[in-house]
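Take any residue in the sequence shown, note its place counting from 1, add 57, and you have its number in our numbering.
Single-structure report; data block below.
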Amino acid sequence: MTVRSTRSSFPGAGALRETGQMFALGLDVVRGFFQRPFQVREFIQQSWFIASVCILPTALVAIPFGAVIALQLGSLVTQLGAQSFMGAASVLAIIQQAAPLVTALLVAGAGGSAMCADIGARTIREEIDAMEVLGVSAVQRLVVPRVLASMLVAVLLNGLVSVVGVLGGYFFNVVLQGGTPGAYLAGFSALAQLPDLWISEIKALVFGFIAGVVACYRGLNPAAGPKGVGDAVNQSVVITFLLLFFVNFVLTTVYLTVVPAKGS
58 MTVRSTRSSF PGAGALRETG QMFALGLDVV RGFFQRPFQV REFIQQSWFI ASVCILPTAL
118 VAIPFGAVIA LQLGSLVTQL GAQSFMGAAS VLAIIQQAAP LVTALLVAGA GGSAMCADIG
178 ARTIREEIDA MEVLGVSAVQ RLVVPRVLAS MLVAVLLNGL VSVVGVLGGY FFNVVLQGGT
238 PGAYLAGFSA LAQLPDLWIS EIKALVFGFI AGVVACYRGL NPAAGPKGVG DAVNQSVVIT
298 FLLLFFVNFV LTTVYLTVVP AKGS
């Protein structure tokens, strides 16, 4: 069943109702993962589209992220006399925090906005209403493939950002700060551990789900006319960004509580 709001804006009095309807759409999407028929063609097309618009910006953004982290941490650990931990600190910062956030922001900003605009245009042309009249679930037909595609692309791009960020950090630390390649590489095993990679991929998966659900929800509930679709796109990006940082805080807190630090 498609979740449709009776109001198209986000007034303060209706924020709780909008939040509940968005959560209900998320539950419908989760149920749709296990229902048939699954729209394989739509899923492949959306995955390719999101990857095509996100892969180059993601790689380009990952380089300065890795560089800034490496330069800042390099200066800090030099002052503390802990150069041997430079590699581990960079890897932890990039993989645990920077990579999933950069990936999610670009998936939400590029892919999510496009999904919201596409579904919003279908909504104001009454295509969604026509699908419901014909007994076709808009959630199963349109939303589920797009959410799954954003999750898949987010996980794959997260690995790309991690690799590019770590290589960028290595380059800037060794070339610009005079670090030792062996010390940088040896630091990987000092503090980093395999669960750090797992939490990074879990974050990317959850962030991709949030970006897809928010984009589709706002696309299903735009104001009338093309301006309403544009406003819905802007709202979807802003809401997604706010949710991403909040969920990142929660996941990081849970991870640091459940998984003990290496060597502790």
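C-beta atoms are modelled at their ideal positions from N, C-alpha and C, and glycine is treated no differently.
Cβ-Cβ separation, residue j to residue i (assumed contact under 8 Å), whole Å
{"i": "G123", "j": "I151", "result": "6 Å"}
{"i": "P121", "j": "A167", "result": "Going by Cβ atoms, the distance from P121 to A167 rounds to 18 Å, so no, they are not a contact pair."}
{"i": "A161", "j": "L301", "result": "5 Å"}
{"i": "I181", "j": "G89", "result": "Contact flag wrong, Cβ pair sits at about 23 Å."}
Beta-carbon proximity of residue i to residue j, cut-off 8 Å
{"i": "S293", "j": "A156", "result": "no"}
{"i": "G169", "j": "G287", "result": "no"}
{"i": "V200", "j": "V86", "result": "yes"}
{"i": "D253", "j": "Q153", "result": "yes"}
{"i": "A119", "j": "V263", "result": "no"}
{"i": "T305", "j": "L158", "result": "In the sequence on display, residue 305 carries Asn and not Thr. Contact: yes."}
{"i": "R198", "j": "Q96", "result": "yes"}
C-alpha distance - residue i paired with residue j, whole-angstrom precision
{"i": "L248", "j": "V125", "result": "20 Å"}
{"i": "F216", "j": "A261", "result": "Note that residue 216 is Gly in the sequence shown here, rather than Phe. Answer to the nearest angstrom: the Cα atoms are 9 Å apart."}
{"i": "V311", "j": "A187", "result": "44 Å"}
{"i": "S104", "j": "E75", "result": "28 Å"}
{"i": "S207", "j": "V164", "result": "7 Å"}
{"i": "Q92", "j": "S194", "result": "11 Å"}
{"i": "G77", "j": "L277", "result": "15 Å"}
{"i": "L224", "j": "L299", "result": "29 Å"}
{"i": "S132", "j": "I259", "result": "31 Å"}
{"i": "F303", "j": "T297", "result": "10 Å"}
{"i": "L73", "j": "M79", "result": "10 Å"}
{"i": "W255", "j": "G192", "result": "40 Å"}
{"i": "V322", "j": "L117", "result": "Here the chain covers residues 58 to 321 and nothing more, so residue 322 does not appear."}
{"i": "V190", "j": "F106", "result": "29 Å"}
{"i": "L242", "j": "I112", "result": "27 Å"}
{"i": "E183", "j": "L84", "result": "24 Å"}
{"i": "L130", "j": "L233", "result": "13 Å"}
{"i": "V196", "j": "P94", "result": "12 Å"}
Sequence-distant residues of the same chain with beta carbon closer than 6 Å to residue i, five excluded per side
{"i": "A127", "result": "S147, G226, F229, N230"}
{"i": "T309", "result": "none"}
{"i": "E99", "result": "P202"}
{"i": "V36", "result": "Outside the shown range of the chain, which is 58 to 321, sits residue 36, and nothing can be said about it."}
{"i": "S219", "result": "I152, A156"}
{"i": "V316", "result": "P252"}
{"i": "R275", "result": "C173, A289, Q292, S293"}
{"i": "S66", "result": "Model confidence at S66 stands at a pLDDT of 48, short of 50, so the residue's coordinates are unreliable; what they give is reported in the following sentence. Here the set comprises nothing."}
{"i": "G239", "result": "none"}
Neighbourhood of residue i by C-beta distance below 7 Å, restricted to the same chain and skipping five residues each side
{"i": "V204", "result": "V86, F266, G269, V270, C273"}
{"i": "R179", "result": "I185"}
{"i": "L149", "result": "L248, A249, D253"}
Residue i beta carbon near the ligand NAD (any heavy atom closer than 7 Å)
{"i": "L117", "result": "In terms of ligand content, the structure shown is empty, and the ligand NAD therefore cannot be addressed."}
Own chain partners of residue i with C-beta closer than 8 Å, once the 5 adjacent residues on each side are dropped
{"i": "A108", "result": "V210, L213, L214"}
{"i": "V307", "result": "none"}
Residue-level contact to chain C via CB, residue i, 8 Å cutoff
{"i": "K260", "result": "Chain labels in this structure do not include chain C; a single protein chain is all it has."}
With three or more C-beta pairs closer than 8 Å as the rule, is the segment 281 to 292 touching the segment 208 to 217? Segments in contact, no.
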